[in-house]
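In what follows, a structure is listed as structure tokens, so that the remarks can point back to it.
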């Protein structure tokens with residue numbers, strides 16, 4: 001056992017580094033100051049770490065709930081287009097896309113939004129003008145309606161006169177006269193119509209002044225004794241003379 005103990009005691013002793021091992025001659029005040037510095041650094045590190053952890057959600061608040069499109073790879077289709085393809089469809093020549101060589105057939109199915117907006121504005125403006133009305137347009141429309149009605153009545157009157165010529169001959173005892181409303185007619189005896197015409201009620205085949213029932217009834221009676229009365233008067237005078 002003696003040689004073994006001698007071998008252990010003969011091993012070199014470990015050197016103590018002055019940088020790591022505290023000096024035995026250090027004063028207690030220096031040790032206390034070093035401990036305070038280490039404690040301050042530890043507190044500062046903990047505070048900094050907590051600030052980073054707590055402030056991170058606030059910094060990312062604008063990113064939470066925001067929808068984003070999935071990232072896609074840029075294919076260059078909006079820059080380069082195929083100018084020439086092979087028999088199997090492979091692109092043999094590519095050129096830069098320009099307005100003149102753009103062969104995107106999908107554009108013909110899209111309309112310019114500004115054109116649609118202009119059409120809607122024009123429609124709304126036309127509807128507003130129609131609602132408000134234009135005095136001149138309204139006047140012209142009314143004249144057109146009046147002329148249409150007037151022309152219709154004129155056609156009816158001409159048609160009636162032509163039909164009357166076929167229905168009533170020159171030796172017929174009755175005649176039809178159109179009333180002042182231009183739509184209805186009055187059937188009169190020829191002598192009756194002649195008396196009303198002399199009184200200023202009739203011009204041509206139409207009443208210029210609508211007679212009353214009394215005027216029409218009075219026109220049936222002759223003004224004088226008539227032909228029979230005149231003959232009776234002549235023969236009566238001859239008999240009295242004899």
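In UniProt numbering, the protein residues as written are 1 to 242.
Virtual Cβ for every residue (Gly too), placed ideally from N, Cα, C.
Given residue i as reference, the closest of the options once Cα atoms are compared
i	options	result
residue 155	176, 95, 182, 177	182
residue 102	204, 193, 79, 92	79
residue 185	199, 210, 195	210
residue 193	220, 213, 214	220
residue 96	82, 114, 201, 89	82
residue 176	207, 88, 151, 199	207
Beta-carbon separation (whole angstroms), residue i vs residue j, contact threshold 8 Å
i	j	result
residue 173	residue 190	6 Å
residue 178	residue 201	Incorrect: roughly 12 Å between the Cβ atoms, too far for contact.
Residue environment, residue i, which counts as buried when at least 16 other CB atoms sit within 10 Å
i	result
residue 126	exposed
residue 195	buried
residue 124	exposed
residue 92	exposed
residue 39	exposed
residue 187	exposed
residue 115	exposed
Distance cut-off 7 Å: residue i Cβ against heavy atoms of the ligand SAH
i	result
residue 151	In terms of ligand content, the structure shown is empty, and the ligand SAH therefore cannot be addressed.
| request: Say whether the region 119-130 touches the region 138-155, bearing in mind that this needs 3 or more beta-carbon pairs closer than 8 Å, one atom from each stretch. | output: no
| Contained alpha helix (DSSP H) runs [length at least 4] in the region 190-217, N- to C-terminal order | Positions of the alpha helix (DSSP H) runs, each at least 4 residues long and wholly inside the region 190-217, are given as 190-198 in order along the chain.
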